[in-house]
Amino acid sequence: MTRNIHPLLIAGTVLVFMFLVGPLIIVLGAALSDTTYLTFPPQGLSLRWFENIFQIDAFRRTIFTSLQIALLSTTIALIIGIPAAYALNRHRIQLPGWLSTLFILPVLVPELVLGFSLLKNLAVQFNSPIYISLLFGHSLIVLPYVVRVISASLASFDFSIEEAAISLGSPPLKTFFTILLPNVRSGVIAAFILAFITSINDVSISIFLTGPGLSTLPIQLLAHMEQFFDPTVASVSVLLMLLTVAVMAVVERTLGLTFLAK
Amino acid sequence: MKRFAGWSLAFPATLLIVVFLVLPVLATIWTTFTTPAGPFATYLSFFGSSFRRTVLFRTIQVSLAVTAIALVVGFLTAYVVSRAPGWLKSILIIAAVFPLLTGVVVRSFAWLIILGKNGILNSTLLNLGLISEPITMLYTQGAVIVAMVYLFVPLMILTLVGVLESIPDDLIQASASLGAKPSATFMQVTLPLAVPGLIVGAVLVFTGSFTSYATPQLLGGEQVMMMGTLMYQQAMVTFDWVAASTIAAVMVVITIAIVAAMNAVARRLNPMAT
Numbered sequence: 001m002t003r004n005i006h007p008l009l010i011a012g013t014v015l016v017f018m019f020l021v022g023p024l025i026i027v028l029g030a031a032l033s034d035t036t037y038l039t040f041p042p043q044g045l046s047l048r049w050f051e052n053i054f055q056i057d058a059f060r061r062t063i064f065t066s067l068q069i070a071l072l073s074t075t076i077a078l079i080i081g082i083p084a085a086y087a088l089n090r091h092r093i094q095l096p097g098w099l100s101t102l103f104i105l106p107v108l109v110p111e112l113v114l115g116f117s118l119l120k121n122l123a124v125q126f127n128s129p130i131y132i133s134l135l136f137g138h139s140l141i142v143l144p145y146v147v148r149v150i151s152a153s154l155a156s157f158d159f160s161i162e163e164a165a166i167s168l169g170s171p172p173l174k175t176f177f178t179i180l181l182p183n184v185r186s187g188v189i190a191a192f193i194l195a196f197i198t199s200i201n202d203v204s205i206s207i208f209l210t211g212p213g214l215s216t217l218p219i220q221l222l223a224h225m226e227q228f229f230d231p232t233v234a235s236v237s238v239l240l241m242l243l244t245v246a247v248m249a250v251v252e253r254t255l256g257l258t259f260l261a262k
Numbered sequence: 001m002k003r004f005a006g007w008s009l010a011f012p013a014t015l016l017i018v019v020f021l022v023l024p025v026l027a028t029i030w031t032t033f034t035t036p037a038g039p040f041a042t043y044l045s046f047f048g049s050s051f052r053r054t055v056l057f058r059t060i061q062v063s064l065a066v067t068a069i070a071l072v073v074g075f076l077t078a079y080v081v082s083r084a085p086g087w088l089k090s091i092l093i094i095a096a097v098f099p100l101l102t103g104v105v106v107r108s109f110a111w112l113i114i115l116g117k118n119g120i121l122n123s124t125l126l127n128l129g130l131i132s133e134p135i136t137m138l139y140t141q142g143a144v145i146v147a148m149v150y151l152f153v154p155l156m157i158l159t160l161v162g163v164l165e166s167i168p169d170d171l172i173q174a175s176a177s178l179g180a181k182p183s184a185t186f187m188q189v190t191l192p193l194a195v196p197g198l199i200v201g202a203v204l205v206f207t208g209s210f211t212s213y214a215t216p217q218l219l220g221g222e223q224v225m226m227m228g229t230l231m232y233q234q235a236m237v238t239f240d241w242v243a244a245s246t247i248a249a250v251m252v253v254i255t256i257a258i259v260a261a262m263n264a265v266a267r268r269l270n271p272m273a274t
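Okay, here's the thing in structure tokens:
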């Protein structure tokens, strides 16, 4: 089946995939090392750096904050994103053209600029809690994932089922929860999980919206790396990679991983 | 009535984007024109400072290098992946998605272990006797470029696999049956049809590199300051918010200009559209 591919191209592809996977294997090895410094291959196997994560107060706190922000921002994005995706697909003709441009803005505007602007013009200007800016900033950057994934699910939804329900007298909200939502369920799950991992991993928005008393896990990792060069960061990285594996399993079962190539 | 339904469903999300994105970002850009020194003073001082000019040119240079490398590597790899048998293709896609969904801090950190003074690369080279003392690889432009290529190649591969798979197989077979060699088919059929996808990939990688923060911060440091790290430094270390806003405005303008220009080019070049 490998139709007429030059052997050099195949060799190159093997190298590219070694380049893609190798560094992550190195992180895994470094996390399991029994030494107090980062090294690969690991010298002696130990899980003590994983224990160490939970002994450091800052990591415990930021893991909790990151999970909380990811859950809340993803929920907000789903609650407002699903109706928006529905409107953009079903009522496109009635809506003005600039509205779909507006929905591209969270992808178009650099996240650093968004984070800085939320800090400067919302948190400081109006003396509002920085948590609000962090939460809605995250909701904004995950919103495009929700709209895109739900739109893809709606594209394969047969709207005549919905029309049948309405013509038989089903009220709009009931139609939404009993007809539409169950039919795009796998899209909702995939949107949730992709949005969740995006929020957990975010640096560019959070870097401006954290400070004393409020920080997220990736920001804490950056701060830790500037002071220490021990395997703790490697073991946190491995925990995050385990989360990635879980996310991939869910995406594969709902949308199929090839969706990410579209 | 229908118009109202569409609006009310899209309204909460529209409100979020306007209140938490459009207004704050416009306010940031607005403040760069309203300084006491006059409307364009901040831009004159930005482009007047040779240090900031250097940072801007370095950022463009690094982003162009990353885009070019990611395009070539990503396209050739995607070509092989798209023609691989089913089971192998699934494995390769998993191997590309995994780093893509892994965070930027973790992926940059990996290169910190590899390229450090006592890192894997240096100790390997020392053991092999190829060098007599560790070479400085961290905090160089090369380190930033390698780590960013690592960051963006999976994205490029996945984008281009999608594009290559959408090229009808009939066209490839027709070309072959008319006597074209595989290399000619590749150059005259596959490549031109993939151009719109290559442009999309290039825009994603260029704008992503241009506005990145974590990778230049970890692997470039003070020595290889880029627009993102300079903006952070101005905002949070020296607290010069006008200067930071100016950098933000320059980033927004360049990003939007590139996306708009490339959209126009892609529309022209799309051979399927005509």
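From first to last, the protein sequence lines stand for chains A and B. Following the UniProt record's numbering, the numbering of the first sequence begins with 1 at its first residue and continues without gaps. Following the UniProt record's numbering, the numbering of the second sequence begins with 1 at its first residue and continues without gaps. Quick reminder that beta carbons are idealized off the backbone N, C-alpha and C, glycines included. This one's a predicted model, so the numbers in the text were calculated from it and none came from an experiment.
Check                                                                                                      : Outcome
Interface residues of the region 4-23 of chain B facing chain A [CB-CB below 9 Å]                          : 4, 5, 6, 7, 8, 9, 10, 11, 12, 13, 14, 15, 16, 17, 18, 19, 20, 21, 22, 23
Secondary structure of residue 181/A, DSSP reduced to three states                                         : helix
Helix, strand or coil at residue 211/A according to DSSP, with G and I counted as helix                    : strand
Residue 173/B, enclosing alpha helix (DSSP H) - first and last residue                                     : 169-177
Counted within 10 angstroms of its Cβ, other Cβ atoms place residue 37/A as buried (16 or more) or exposed : exposed
C-beta contact flag for residue 211/A and residue 150/A at 7 Å                                             : no
Below-7 Å beta-carbon distance, residue 95/B vs any chain A residue                                        : yes
Residue interval of the alpha helix (DSSP H) (run including residue 220/A)                                 : 217-227
Whether residue 137/B touches residue 201/B by CB criterion (7 Å)                                          : no
Residue 274/B versus residue 129/A - alpha carbon distance                                                 : The predicted position of residue 274/B is uncertain, since its pLDDT is 40 and thus under 50; no value can be drawn from it.
Cβ-Cβ distance between residue 12/B and residue 80/A below 7 Å                                             : yes
Collapsed DSSP secondary structure at residue 76/B in the structure displayed                              : helix
Exposure label - residue 18/A; buried when at least 16 CB within 10 Å                                      : exposed
Whether residue 209/B touches residue 108/B by CB criterion (7 Å)                                          : no
Chain-ordered neighbours of residue 67/B on chain A, where CB pairs are closer than 9 Å                    : Per Cβ cutoff of 9 Å: no residues; residue 67/B is ~16 Å from chain A at best.
Partners in chain A for residue 144/B, counting only beta-carbon separations shorter than 7 Å              : Correct list: empty, because the minimum Cβ distance to chain A is about 15 Å.
Three-state class that DSSP yields for residue 242/A in the structure shown                                : helix
Chain A contact for residue 248/B (CB, 7 Å cutoff)                                                         : yes
Close Cβ partners of residue 230/B (< 8 Å) along its chain, the five nearest in sequence each way excluded : 52, 55, 247
Chain B contact for residue 138/A (CB, 7 Å cutoff)                                                         : no
Residue environment, residue 80/B, which counts as buried when at least 16 other CB atoms sit within 10 Å  : buried
Limits of the unbroken alpha helix (DSSP H) element including residue 124/B                                : 120-127
Own chain, CB closer than 6 Å to residue 134/B, minus 5 neighbours either side, in chain order             : 117, 122
Counterpart residues of residue 154/A in DSSP-defined beta bridges                                         : Paired residue(s): none; residue 154/A is not in a bridge.
Beta-carbon spacing of residue 262/B, residue 227/B below 7 Å                                              : no
Residue range of the unbroken alpha helix (DSSP H) whose run includes residue 23/A                         : 7-31
Length of the line joining the Cα atoms of residue 109/A and residue 87/A                                  : 23 Å
Residues within the region 17-34 of chain A neighbouring chain B, beta-carbon criterion of under 8 Å       : 17, 19, 20, 21, 23, 24, 26, 27, 30
Selection of the region 162-188 of chain B by Cβ proximity to chain A, strictly under 7 Å                  : 162, 182
Minimum Cβ-Cβ distance from residue 224/A to chain B less than 7 Å                                         : no
Residue burial classification, residue 91/A (beta-carbon count within 10 angstroms, cutoff 16)             : buried
Residue 106/A to residue 177/B span [Cα, whole Å]                                                          : 47 Å
Short CB-CB distance (under 7 Å) between residue 274/B and chain A                                         : Here residue 274/B scores only 40 on pLDDT, less than 50, and its place in the model should not be relied on; the value that follows carries that caveat. False, the Cβ-Cβ gap to chain A never drops below 7 Å.
Backbone secondary structure at residue 45/A - three-state DSSP                                            : strand
Assumed close pair residue 233/A, residue 225/A - CB separation to whole angstroms, cut-off 8 Å            : 6 Å
Enclosing alpha helix (DSSP H) for residue 141/B [first to last residue]                                   : 141-165
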